[in-house]
Amino acid sequence: MTKRTAGHRGNSTRSILIGLAISLAGFVYGIDTGIIASTIAQETFKLYMYGSSLDNASVRAGIVSGYYAGYAFGSGGSAYTMDRISRRWTLLLGATASVIGAILQTAAVNPAMMIVGRAFSGFSTGMVYPTAPVYLAELSLPENRGFLVGLKGLMNTLGFFAAGWVGYAGSFAVGDLQWRVPLATQIPPALCLAIMTIFLPYSPRWLASKERYDEAKQVMYTLHKHRGSEVIEREFAEMCSQIQLESEKKKNAMTNFLNLFTRKYIRRTLLACLTVNMMKLSGSNIIQNYQSIMYNSLGYEGQTVLLIGALYGFMAVVGQIINVFFVADHWTRRVTVISGSYCLAVLLAVLTALSERFPEGSNPAGSRAGVAFIFLFAFAYSFFFNSVNWVLVAEIFPLDLRGVGVGFSVFTQSITAIWLSYAASIAFDEISWKFYFVFIACNLFAGTIYFFFLPETRFLSLEEVAAKFGDEIVTHPSKGVEFDEKNVTSTEKVEVSSDHVESSRR
1 MTKRTAGHRG
11 NSTRSILIGL
21 AISLAGFVYG
31 IDTGIIASTI
41 AQETFKLYMY
51 GSSLDNASVR
61 AGIVSGYYAG
71 YAFGSGGSAY
81 TMDRISRRWT
91 LLLGATASVI
101 GAILQTAAVN
111 PAMMIVGRAF
121 SGFSTGMVYP
131 TAPVYLAELS
141 LPENRGFLVG
151 LKGLMNTLGF
161 FAAGWVGYAG
171 SFAVGDLQWR
181 VPLATQIPPA
191 LCLAIMTIFL
201 PYSPRWLASK
211 ERYDEAKQVM
221 YTLHKHRGSE
231 VIEREFAEMC
241 SQIQLESEKK
251 KNAMTNFLNL
261 FTRKYIRRTL
271 LACLTVNMMK
281 LSGSNIIQNY
291 QSIMYNSLGY
301 EGQTVLLIGA
311 LYGFMAVVGQ
321 IINVFFVADH
331 WTRRVTVISG
341 SYCLAVLLAV
351 LTALSERFPE
361 GSNPAGSRAG
371 VAFIFLFAFA
381 YSFFFNSVNW
391 VLVAEIFPLD
401 LRGVGVGFSV
411 FTQSITAIWL
421 SYAASIAFDE
431 ISWKFYFVFI
441 ACNLFAGTIY
451 FFFLPETRFL
461 SLEEVAAKFG
471 DEIVTHPSKG
481 VEFDEKNVTS
491 TEKVEVSSDH
501 VESSRR
C-alpha cells in the first residue's frame with residue numbers, strides 16, 4: 001500500500017488550487033443562504049415586502065421556504081446531471097442559476113418576485129452543493145480527502161461570514177439599498193464559479209465510467225504526478241477494474257435510483273440521508289436563518305442584531321479553519337461526528353435554559369450568556385461537522401450510485417428544510433425557546449446512530465470504502481490491462497481496516 005500521509009501535505013499545489021476553485025460552490029451556497037438572515041431583519045425590507053405592519057409570518061416563511069423548494073428541484077436534478085453531463089458541467093449549470101436568482105432578488109418589486117428569485121438561488125445550491133463534495137472526493141487522495149473536501153466547508157463558512165458583514169454594512173445605506181445591494185453581492189462569486197468551471201478537469205472516475213480511459217489517466221497524472229508513475233498506474237488500474245465490475249450491474253438511472261433502497265445499499269442510503277439532514281436538524285440552519293429573531297428574544301434590537309449576526313459568522317470561520325488543518329484526516333470520522341453530536345446537544349440545552357431563565361432581555365448578563373452559547377454553537381458545528389459530513393456522504397457510495405445517492409440524500413434534506421423553515425417561522429412566534437428541544441433530541445439521536453452503525457472510513461480509497469459495507473472489490477489488477485468487461489475475471493471479498501486491506505478468496 002502507498003504510504004499514508006496526513007493533512008494537506010500529500011496534495012500537489014495544482015490539486016489544492018483546483019480544490020479551491022470547486023469549493024467556491026460552497027461560498028456560493030454560504031452567501032446565497034446566509035444573506036437572507038440579514039435581509040429579513042432590515043426595516044426597509046420589512047416595509048417594502050410586508051407593508052406597514054412590518055411583519056408577515058406567512059410571507060417571511062414563503063421567502064425562506066421558496067429557497068428550499070428550489071433546492072429540492074436542484075438536488076433532484078443534480079442526481080441525474082452529475083452522471084449524465086459530468087460533475088463539472090453540473091457546477092456550471094448551478095452557477096448560472098445562481099446569477100439569475102440574484103438578479104431577480106435584487107430587482108424584486110413584490111414578494112412573489114422575491115420568492116421566485118430565492119427559488120432560483122435554491123435550485124442553484126441544490127445543483128452545486130451535492131456536486132462539489134463528490135467532485136472533490138473523486139479528485140483527492142485517500143489520506144487527504146478530508147482536507148480537500150473540507151475546503152468546501154471552509155468556503156461555506158466564509159460565504160456565511162461575508163453575508164453577515166455585507167448585511168451589517170447594508171444597514172448603513174439609505175432606503176431600499178439597505179437590502180438590494182447586499183442581495184446583489186450573490187452575483188460575483190457565482191460568475192467566478194461559472195468561469196472557472198470552464199477550466200477545471202473532469203473527474204477521472206467519471207471519465208473512466210464513460211470509457212474515456214486515456215483522459216482519466218491524464219487527469220490523475222496532472223494532479224498527482226508527484227506520487228510517481230508506479231503508484232498512479234496501480235491506482236488507475238484498481239479504479240478502472242472496479243468500475244468495470246460495477247458496470248456489469250449498472251443499467252440505467254432509474255435502476256440505480258431503485259438500487260439505493262435494496263438490502264445491499266439501504267444502510268448507506270439511510271446513513272447519507274441522516275448525515276445531510278442533520279445539517280438542518282442539528283439546529284445550525286435554523287439559527288443561521290432566524291438568528292435575528294433569536295437575538296430579539298434575548299433583548300437585542302436594530303443594528304446590534306446585525307452586528308451580532310456578523311460576529312456569529314466569524315466564530316464559524318474560526319471553527320472551520322481549525323477543522324480543516326487539525327481535525328480533518330487527523331481525527332477519525334466516527335470520533336468527530338459522535339462527539340460533535342453530543343456536544344451540540346449540550347450547547348443547545350444550555351441555550352434553552354438561558355432563554356427560559358432570562359426572557360426578552362430581562363437580565364443583561366443572561367442575554368450576553370445566551371449570545372455566547374449561540375457563538376459557541378457556531379464554532380462547534382464548524383469544528384465538528386462542516387467538512388466531515390460531506391466527506392462521509394461522498395465516500396460511502398460506489399461510483400455508479402455516488403451521484404444519485406448524494407443527490408437523493410440532499411433532496412431529502414431540502415424537503416426537511418422546507419417544512420422546518422416554515423415551521424420555525426411560526427414556532428419562534430408561538431413557543432419561542434421551547435422549539436430548541438426538537439434539535440436537542442435530534443442531535444442525541446444522531447450521535448447514537450453514528451455510534452452503532454457508522455463504520456470508520458478514514459484513509460481508505462473510495463474503492464476500499466465499498467468493502468466496509470460488504471461490496472465486492474477488484475484487487476491486484478494486472479498492469480496495462482485493457483479495460484473492458486472480458487478482463488474483469490477475478491474478484492475478491494475484501495475486509496478493510498483503517499490502515500490496510502486484508503483479502504480472502506471468495
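For the sequence shown, counting from 1, position 133 maps to 133 in UniProt numbering; every step adds exactly one. By construction, the Cβ of each residue, glycine as well, lies at the ideal position given by its N, Cα and C atoms. Treat the numbers as computed from the prediction; the structure is a model and nothing was measured.
{"Item": "If VAL327 sits next to PHE383, beta carbons under 8 angstroms apart, how far is it from one beta carbon to the other, in whole angstroms?", "Value": "7 angstroms"}
{"Item": "Counting pairs of Cβ atoms below 8 angstroms between the segment 409 to 420 and the segment 270 to 279, do you hit three or more?", "Value": "yes"}
{"Item": "Compare the Cα-Cα distances from SER78 to each of GLY122, LEU104 and ILE103 and report the closest residue.", "Value": "GLY122"}
{"Item": "With a threshold of 8 angstroms between beta-carbons, can PRO142 be considered close to chain C, or not?", "Value": "Looking at the structure shown, chain C is missing, and only one protein chain is on hand."}
{"Item": "How many angstroms separate the CA atom of LEU141 from the CA atom of ARG84?", "Value": "24 angstroms"}
{"Item": "Taking the alpha-carbon positions, what's the residue 537 to SER282 distance?", "Value": "As shown, the chain starts at 1 and ends at 506. That puts residue 537 outside it, with no answer to give."}
{"Item": "Do VAL28 and ALA173 have their C-beta atoms within less than 8 angstroms of each other?", "Value": "no"}
{"Item": "Can you tell me which of the three DSSP states GLU138 falls into?", "Value": "helix"}
{"Item": "Bridge partners for GLU246 per DSSP, in chain order?", "Value": "Note: GLU246 sits in no beta bridge, so no partner."}
{"Item": "From ILE338 to TRP390, what does the alpha carbon distance come to, in whole angstroms?", "Value": "15 angstroms"}
{"Item": "Based on Cα-Cα distance, which residue from PHE385, ALA369, PHE379 and TYR312 lies nearest to PHE161?", "Value": "TYR312"}
{"Item": "Considering only residues of the same chain and omitting the five flanking positions on each side of ILE293, which have a CB-CB separation below 8 angstroms?", "Value": "PHE428"}
{"Item": "Taking the alpha-carbon positions, what's the ASN386 to LEU207 distance?", "Value": "28 angstroms"}
{"Item": "Cutting at 7 angstroms between CB atoms, please list the residues of its own chain near SER171, excluding the five before and the five after it.", "Value": "GLN42, GLN178, GLN303 and LEU306"}
{"Item": "Short of 6 angstroms in beta carbon distance, which residues of its chain neighbour ALA97, apart from the five on each side in sequence? Order them along the chain.", "Value": "PHE120, PHE123 and SER124"}
{"Item": "Under 8 angstroms, with one C-beta from each stretch per pair, do the segment 147 to 166 and the segment 100 to 112 reach the 3-pair mark?", "Value": "no"}
{"Item": "Three-state secondary structure (DSSP) at GLU485?", "Value": "Because the pLDDT at GLU485 is just 41, under 50, the model does not fix this residue reliably, and the value given afterwards should be weighed accordingly. Correct three-state label for GLU485: helix."}
{"Item": "Shorter than 7 angstroms, the distance from the beta carbon of LEU344 to the closest heavy atom of the ligand ZN, or not?", "Value": "As far as ligands go, the structure on display features none, and thus does not contain the ligand ZN."}
{"Item": "I need the straight-line Cα distance from GLN244 to TYR202, nearest angstrom please.", "Value": "19 angstroms"}
{"Item": "May I ask you to report which of helix, strand or coil DSSP gives GLU430?", "Value": "helix"}
{"Item": "Mark ARG145 as exposed unless 16 or more other C-beta atoms lie within 10 angstroms of its C-beta, in which case mark it buried.", "Value": "buried"}
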